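Undergrad: In my numbering, the protein residues as written are 4 to 204. For every residue, glycine included, the Cβ atom is placed at its ideal position computed from N, Cα and C. All of these numbers come straight from a predicted model, not from anything done at the bench.
#1: Among 157, 138, 136 and 146, which has the Cα closest to the Cα of residue 174?
#2: In this structure, how does DSSP classify residue 157 when only helix, strand and coil are distinguished?
#3: On the three-state DSSP scale, how would you describe residue 121?
#4: Kindly indicate which residue of 115, 54, 80 and 190 has the alpha-carbon position closest to the one of residue 150.
#5: Under 6 Å Cβ to Cβ from residue 26, same chain only, skipping five residues before and after it: list those, please.
#6: Under DSSP, the alpha helix (DSSP H) around residue 108 begins and ends at which residues?
#7: Who pairs with residue 200 in a beta bridge, going by DSSP?
#8: State whether the region 151 to 162 contacts the region 77 to 95, with contact taken as three or more CB pairs (one from each stretch) at a distance under 8 Å.
#9: Can you look up residue 174 in the DSSP assignment and give me helix, strand or coil?
#10: Would you check if there are 3 or more beta carbon pairs closer than 8 Å linking the region 166 to 186 to the region 91 to 107?
#11: Is it buried or exposed, residue 207, if we count other Cβ atoms within 10 angstroms and call 16 or more buried?
#12: Does DSSP put residue 195 in a helix, in a strand, or in coil?
#13: Using a Cβ-Cβ cutoff of less than 6 Å, which residues in the same chain neighbour residue 48 once the five nearest sequence positions on both sides are dropped?
#14: Just to check my reading of the structure: residue 129 and residue 167 have Cβ atoms closer than 8 Å, yes? What is that Cβ distance to the nearest angstrom?
#15: Run through DSSP, which three-state label would residue 148 get?
#16: Since residue 123 and residue 112 should fall inside the 8 Å C-beta cutoff, what is the C-beta to C-beta distance between them, to a whole number of angstroms?
#17: Give the straight-line distance between the Cα atoms of residue 114 and residue 72, rounded to the nearest whole angstrom.
Here's what the structure looks like:
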């Protein structure tokens, strides 16, 4: 019994040396791949004739997703740097449904599902008040400016370009325009048949 107590005490004492500095290499019972036989990217190497470990891309290589055949579609801007006025994606029910889905996932948490800037984050003492998408300032923006804000961010709003693909961003822009229209519709926006019904009453 006494021997067991002594052994247990010795075991606890070994913990006191954890973090101490020794000149000798510690016994590593479980390597966990800490020391691997490999080259690091900036190390010298005798495997290649130029003595470098890191390899250069083949001449003419373009990173996947980096080529933009239509600059305006990718950036939301014209060649002169001004924002494009109209959404380059044709409006359809499918596009609106996609835009609504993406908006509810990425945007509604701040701007709310109706776009009034009272999303769920505002219920928890959020330090920044999200923009009301129905403000005249935002309604007057070109579609390209709204796209650019979503992709690259603006002031306290983070960039979402790395999370949302280009077509989905444009779909969100279409949906935001639909939200804005829903809160700022005029009599002339009604179909002629509906206008006649209202007039008859």
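TA: In brief:
#1: Closest by alpha carbon: 146.
#2: Strand.
#3: coil
#4: 80
#5: Residues of the same chain with a CB within less than 6 Å of the CB of residue 26, apart from the 5 flanking positions on each side, do not exist.
#6: 96 to 109
#7: Partner(s): none; residue 200 has no beta bridge.
#8: yes
#9: helix
#10: Result yes; three or more Cβ-Cβ pairs closer than 8 Å.
#11: There is simply no residue 207 to check, as the chain begins at 4 and stops at 204 in what is shown.
#12: helix
#13: 42 and 56
#14: Not really, about 21 Å apart at Cβ, beyond 8 Å.
#15: helix
#16: 6 Å
#17: 32 Å
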